[in-house]
Amino acid sequence: MIAVAVTEDKQVEMKCSMADLVTETDQMVEKMIISTLKEHFPTHCFIGEESVAAGEKCVLTDAPTWVIDPVDGTNNFVHTFPFVAVSIALMINKQAEIGIVYNPLLKEMYSARKGQGAFCNGKKLKCSSVKDLGQALVATEFGSQRDPEILDKKFRNMRSIIEKAHG
Numbered sequence: 036m037i038a039v040a041v042t043e044d045k046q047v048e049m050k051c052s053m054a055d056l057v058t059e060t061d062q063m064v065e066k067m068i069i070s071t072l073k074e075h076f077p078t079h080c081f082i083g084e085e086s087v088a089a090g091e092k093c094v095l096t097d098a099p100t101w102v103i104d105p106v107d108g109t110n111n112f113v114h115t116f117p118f119v120a121v122s123i124a125l126m127i128n129k130q131a132e133i134g135i136v137y138n139p140l141l142k143e144m145y146s147a148r149k150g151q152g153a154f155c156n157g158k159k160l161k162c163s164s165v166k167d168l169g170q171a172l173v174a175t176e177f178g179s180q181r182d183p184e185i186l187d188k189k190f191r192n193m194r195s196i197i198e199k200a201h202g
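Take any residue in the sequence shown, count from 1 to its spot, add 35: that is its number in our numbering.
Below, the structure is given as structure tokens:
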């Protein structure tokens, strides 16, 4: 659905700021994921980013709860930039047990299960052995918040990291 829709014209709406966007694809993917998971896990709870943005009340309890961002990187999706993913976590007792991040444009599936490591397309991932920030590559994005005070704080924090990072 996402891989097809990324090249099509999109109806784009703002949520909280000009950088916090939602598309019809976000909403359709979320509905499809929740519907499919409910078939297999009818007693579980669901928290979807678009449902919450639309005003649905969300409370994380100890019950098994699926947390879903149907198009993680909607801004990238709108601009046809291929860093877009479906992000899903299963929380039990308010703890993340399973995480899945799938980029349908690059066909990369990241998965992790508590205590069992993380994988990309089934291949076990290794943590970097770099311990010094001066030898580390740091990548980030600033999110959709555009409040000047929050942005200033983010810029200050990033500056303190970038000054010390290798790249």
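Where is the CB? At the ideal position from N, CA and C, for every residue including glycine.
The alpha helix (DSSP H) that contains residue i, what's its start and end?
| i | result |
| --- | --- |
| F112 | 109-113 |
| V47 | Taken as a continuous stretch (DSSP letters only), V47 belongs to no alpha helix (DSSP H), being part of the beta strand (DSSP E) at 47-49. |
Does DSSP put residue i in a helix, in a strand, or in coil?
| i | result |
| --- | --- |
| T100 | strand |
| V39 | helix |
| P1 | Beyond the ends of the chain as shown, which are 36 and 202, falls residue 1; an answer cannot be given. |
| F203 | As shown, the chain starts at 36 and ends at 202. That puts residue 203 outside it, with no answer to give. |
| A235 | Here the chain comprises residues numbered 36 to 202, so residue 235 is not present and cannot be evaluated. |
| G90 | coil |
Tell me the rounded alpha-carbon separation between residue i and residue j.
| i | j | result |
| --- | --- | --- |
| M144 | S179 | 24 Å |
| L168 | I196 | 8 Å |
| K159 | L186 | 36 Å |
| M67 | F177 | 29 Å |
| K161 | A200 | 20 Å |
Going by Cα to Cα distance, which pick from the options is closest to residue i?
| i | options | result |
| --- | --- | --- |
| S122 | S86, Q130, N138 | N138 |
| E48 | V39, K129, T60, V64 | T60 |
| P117 | L160, C155, V39 | V39 |
| P99 | E132, V165, A120 | E132 |
| T58 | E43, L72, T71, S70 | E43 |
How far does the beta strand (DSSP E) with residue i in it extend, from its first residue to its last?
| i | result |
| --- | --- |
| K125 | The residue you asked about is not Lys; residue 125 is Leu in the sequence shown. L125 -> beta strand (DSSP E) spans 120-127. |
| E184 | It is not in any beta strand (DSSP E) - E184 instead sits in the alpha helix (DSSP H) that spans 183-197. |
- Message: Is it the case that the stretch 66-86 contacts the stretch 100-112, given that we only count it when at least three CB pairs across the two stretches are under 8 Å?
- Response: Cβ pair count under 8 Å is three or more, so yes.
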